[in-house]
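What follows is a single structure, written as structure tokens, with notes after it.
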Amino acid sequence: MDKLFNSHWFVKIISFFIALMLFAMVNMDNLNNQPGVLPAKQVPYSIGEVALDIIYDSETYEVVDQPESVQVNLKGPQTSITRFQLSRGSYEVFADLTGREEGVHTVDVKYRGFPSDLSVTIVPQYVQVELQEKQTVSLPVQVELLNSDEVKKGYSVGTPIVSPVNIEVTAARDYVSQVKVAKATIDVSGADETIEEAAPVKLYDANGDELSLTPEPSVVDIRVPVTSPNRVVPTRVNRVGELQDGISIEELTIEPAEVTIYGPMNVIEDINVIDVGELDLSKITESQTLEMTIPLPPDVESVSPEEVTVTVTITIEETKEFPDIPIEIIGASDQTEITLEENPNRLLTITARGSGELLDKLTASDIQAYIDVSDLSPGEHSAEVQVNGPPNIRFELENTTIPITIQSSSESMLSEGEND
Numbered sequence: 021m022d023k024l025f026n027s028h029w030f031v032k033i034i035s036f037f038i039a040l041m042l043f044a045m046v047n048m049d050n051l052n053n054q055p056g057v058l059p060a061k062q063v064p065y066s067i068g069e070v071a072l073d074i075i076y077d078s079e080t081y082e083v084v085d086q087p088e089s090v091q092v093n094l095k096g097p098q099t100s101i102t103r104f105q106l107s108r109g110s111y112e113v114f115a116d117l118t119g120r121e122e123g124v125h126t127v128d129v130k131y132r133g134f135p136s137d138l139s140v141t142i143v144p145q146y147v148q149v150e151l152q153e154k155q156t157v158s159l160p161v162q163v164e165l166l167n168s169d170e171v172k173k174g175y176s177v178g179t180p181i182v183s184p185v186n187i188e189v190t191a192a193r194d195y196v197s198q199v200k201v202a203k204a205t206i207d208v209s210g211a212d213e214t215i216e217e218a219a220p221v222k223l224y225d226a227n228g229d230e231l232s233l234t235p236e237p238s239v240v241d242i243r244v245p246v247t248s249p250n251r252v253v254p255t256r257v258n259r260v261g262e263l264q265d266g267i268s269i270e271e272l273t274i275e276p277a278e279v280t281i282y283g284p285m286n287v288i289e290d291i292n293v294i295d296v297g298e299l300d301l302s303k304i305t306e307s308q309t310l311e312m313t314i315p316l317p318p319d320v321e322s323v324s325p326e327e328v329t330v331t332v333t334i335t336i337e338e339t340k341e342f343p344d345i346p347i348e349i350i351g352a353s354d355q356t357e358i359t360l361e362e363n364p365n366r367l368l369t370i371t372a373r374g375s376g377e378l379l380d381k382l383t384a385s386d387i388q389a390y391i392d393v394s395d396l397s398p399g400e401h402s403a404e405v406q407v408n409g410p411p412n413i414r415f416e417l418e419n420t421t422i423p424i425t426i427q428s429s430s431e432s433m434l435s436e437g438e439n440d
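Quick note: the sequence shown uses my numbering, first residue 21, plus one each step.
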């Protein structure tokens, strides 16, 4: 066999026959069209399970029922069929529902991109497609903590904080009605410091079955407080003065957003946030970037890193007031009772400041006011009220701290007994 391939006569003969075959295939159709030549035999060829594309107004409607595929039957000269099989050019089979509204529609199946010398038949010729109007719902994000009893010995896990508080789901009406729960999961096994992760949000129906819908946003930021000897805490700028009328801070970023503080446990356990310095709002008239050296809180040994970069973005300001926002207490154990003597109804009025477009979309359910008591011991405290909501919006309170009293359940019952 090797000798044959090494023979130049053998290679020439094989090349001749291959060229002859290609010539015959390319010119067969031209020969068939010549006068006096019999027409070529029409050969059938079928393609099964061809994907059916649906053209419709996807901004307003969603397809809830359609055939996934159809069969395409072709017929034509053998040479044309062979060329199509070899090239498989770009073709499309589709149903056009442009301008159609909600409901079940029977439409003919169309095609394009097939060779012009082949006859095309689609089976079935007509299909039923159901369109349903899209709807949007908003749901709060629930956080499920996995292995919360497996954190490092001596450490405890607080209540998770989610941002943003709510997600939105946009889909066909029947699909949206099935959504009952939006949940994100965090594994805290082996944790020895505060966990901050971006976690995907999954949607579930009333039976707990996961739904194949995508929320917006599909990922949320979750902060799970974990008490530790050294702590990672968020950075914060202490704002002083007032901005000029008509402008607002659209965005204020600190890089890095968190730092690690080191010191005695009884000192660092009471620090939930660290101030990086003062920002004099009265001197700000345009967007700018500042470098700040972090001052050490009393008895804190060190902080890493020692410097941060603060970027301030300015925009035109508008305001919107939200009354009766409930105050949530987070981080309290089952063995403690929290009392707000001066605010028994636990309601606040919050003023939101930002661009008009963001404020138009903002609702009360998007705002979370809370007091984190996970690091506070029993007794009386002046607790800081923190507000969580959508990004690029600033929230203001009449009073940023509230007097609270923390009691263990046994002390509370003893006090009630003495009063009786």
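Even glycine gets a Cβ: it sits at the ideal position worked out from N, Cα and C. Computed from a predicted model, the values in this text were never measured in an experiment.
Check                                                                                                                                                                                             : Outcome
Using 8 angstroms as the threshold, is the C-beta distance between Y65 and I101 below it?                                                                                                         : yes
In chain order, what residues of the same chain lie with their CB nearer than 8 angstroms to the CB of I387, ignoring the 5 residues before and after it?                                         : V185, F342, I345, I370, A372, V407, N408, G409, F415
Could you tell me how far apart the beta carbons of V163 and V182 are, in whole angstroms, since I believe they sit closer than 8 angstroms?                                                      : 6 angstroms
How far does the beta strand (DSSP E) with K61 in it reach, from first residue to last?                                                                                                           : From DSSP, K61 is part of no beta strand (DSSP E); its letter is neither H nor E.
Return helix, strand or coil for V407, following the three-state DSSP convention.                                                                                                                 : strand
CA-CA distance, V240 and T205?                                                                                                                                                                    : 11 angstroms
Return the chain-ordered ranges of every beta strand (DSSP E) run that is complete within the stretch 287 to 344 and spans a minimum of 3 residues.                                               : 294 to 300, 308 to 313, 322 to 324, 327 to 336
Cα separation between I422 and S428?                                                                                                                                                              : 19 angstroms
Note down, one range per segment and in chain order, each alpha helix (DSSP H) of at least 4 residues found wholly within the stretch 353 to 423.                                                 : 376 to 381
With three or more beta-carbon pairs closer than 8 angstroms as the criterion, would you say the stretch 379 to 396 touches the stretch 351 to 366?                                               : yes
Mind checking if N227 is an interface residue toward chain D, Cβ cutoff 8 angstroms exclusive?                                                                                                    : No chain D appears in this structure, which consists of one protein chain only.
When burial is assigned at 16 or more other CB atoms within 10 Å of the CB, is L165 buried or exposed?                                                                                            : buried
Is Y282 helix, strand or coil when you go by DSSP?                                                                                                                                                : strand
In whole angstroms, give me the CA-to-CA distance for D49 and V124.                                                                                                                               : The pLDDT assigned to D49 is 47, lower than 50, so where the model puts this residue is not dependable; a value taken from the coordinates is nonetheless given after this. Their Cα atoms are separated by approximately 45 angstroms.
Can you list, in chain order, the residues of its chain whose CB lies under 6 angstroms from that of T425, leaving out five sequence neighbours each side?                                        : T359, E400
Identify, in the order they occur along the chain, each residue of the same chain with its Cβ nearer than 7 angstroms to the Cβ of T126, setting aside the five sequence neighbours on each side. : Y146, Q148
Can you list the beta strand (DSSP E) stretches of 3 or more residues lying completely in the stretch 238 to 279, in chain order?                                                                 : 239 to 244, 251 to 260, 267 to 275
Short of 6 angstroms in beta carbon distance, which residues of its chain neighbour S443, apart from the five on each side in sequence? Order them along the chain.                               : Nothing about residue 443 can be reported from this structure: the residues present for the chain run from 21 to 440 only.
Taking the alpha-carbon of P325 as reference, which of A71, I294, E357 has the nearest alpha-carbon?                                                                                              : I294
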